[in-house]
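Here the structure is laid out as structure tokens; the discussion comes afterwards.
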Amino acid sequence: MRCLRVIISGWTASFRYPIFISGFQPTISVPPLSTLYGLLSAAKGELVTPKDTNIGYVFTSESKFVDLETIYELDKNLKAKSNIMKREILFKPKLYLYLSNLEMKEYFKKPRYQLLLGRSSDICIVEDISEIELIDNRENIKIGNTILPFPMEGINGVIQALPTYFTDTIPRKAQGTRMFCIVENMYEHKGNKFLYDEDFDWGVYMHGLEE
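Going by our numbering, the first residue of the sequence shown is number 342, and it counts up by one from there.
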């Protein structure tokens, strides 16, 4: 399968669990699809949805830490009061993004808006853009550091309902919310067949090809 591989890196990343509204804010270890479609929308300068491209990815980070973050709480009279919140942050993230739409290459060469890996402060840069060939139907390969649809035979991880993308309306609306399995670590998987990136020796699941 011919696809576009974009390698993106940054200093920090944080992906909020939808069920945590206030208090301590843990981060998901890998980005949800909605973050990635938001990244594509920023690069293009207009809304990008699963109709425009299928997505696969592998995401790594060097470590995780807790930071103190200043927030501002509004009362019913819209008066703001500062407070402190603890938030988990991923350090030195790197995203290997795979796209079926080769035309996306031009958007990453000159993004319309700043690219982010989570919050507005999680600025990232494009390290490399390549057209590559993913090998079809490879078995017994490393898979992980990503999310996969649930259920999938032989896959283990944290189960979480996550949106696929958000509309560009006001207010934004979550679309395609479903159950995903968050696979935090790489391991040798036996059973399902995946696309294979021989440059990095790992499997890639392309969301949208079989859903």
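Ideal placement from N, C-alpha and C gives every residue a C-beta, glycine not left out.
Identity of the residue in 508, 474, 533, 503 nearest residue 484 by Cα: 533
Below 8 Å, can you find three or more Cβ-Cβ pairs linking the region 393-402 to the region 363-374? yes
Is the Cβ-Cβ distance between residue 554 and residue 353 less than 9 Å? Coverage of the chain is limited to positions 342 through 552, which leaves residue 554 absent and any answer about it impossible.
Give the secondary structure of residue 528 by DSSP, where H, G and I count as helix, E and B as strand, and everything else as coil. strand
I'd like to know whether the C-beta atoms of residue 475 and residue 465 end up nearer to each other than 9 Å. no
Are residue 428 and residue 366 closer than 9 Å when you measure CB to CB? yes
Pairwise C-alpha distance: residue 419 and residue 407: 29 Å
Assuming residue 450 and residue 470 make a contact with CB atoms under 8 Å, what is their CB distance in whole Å? 7 Å
If we define contact as Cβ-Cβ less than 9 Å, is residue 510 a contact residue for chain C? The displayed structure is made up of one protein chain only, and chain C is not part of it.
Does the Cβ of residue 346 have 16 or more other Cβ atoms within 10 Å, making it buried, or fewer, making it exposed? buried
Secondary structure at residue 547, three-state DSSP: helix, strand or coil? coil
Any idea if residue 509 is buried or exposed, counting beta-carbon neighbours within 10 angstroms, 16 or more meaning buried? exposed
Alpha carbon to alpha carbon, how far is residue 547 from residue 536? 8 Å
Where residue 422 and residue 528 are concerned, what is the direct C-alpha to C-alpha distance, given to the nearest angstrom? 46 Å
Closest to residue 486 by C-alpha separation, out of 383, 386, 437, 425, would be which residue? 437
Taking C-beta to C-beta, are residue 516 and residue 358 nearer than 9 Å? no
Apart from the five residues on each side of it in sequence, which residues of its chain come closer than 7 Å, Cβ to Cβ, to residue 388? 382, 509
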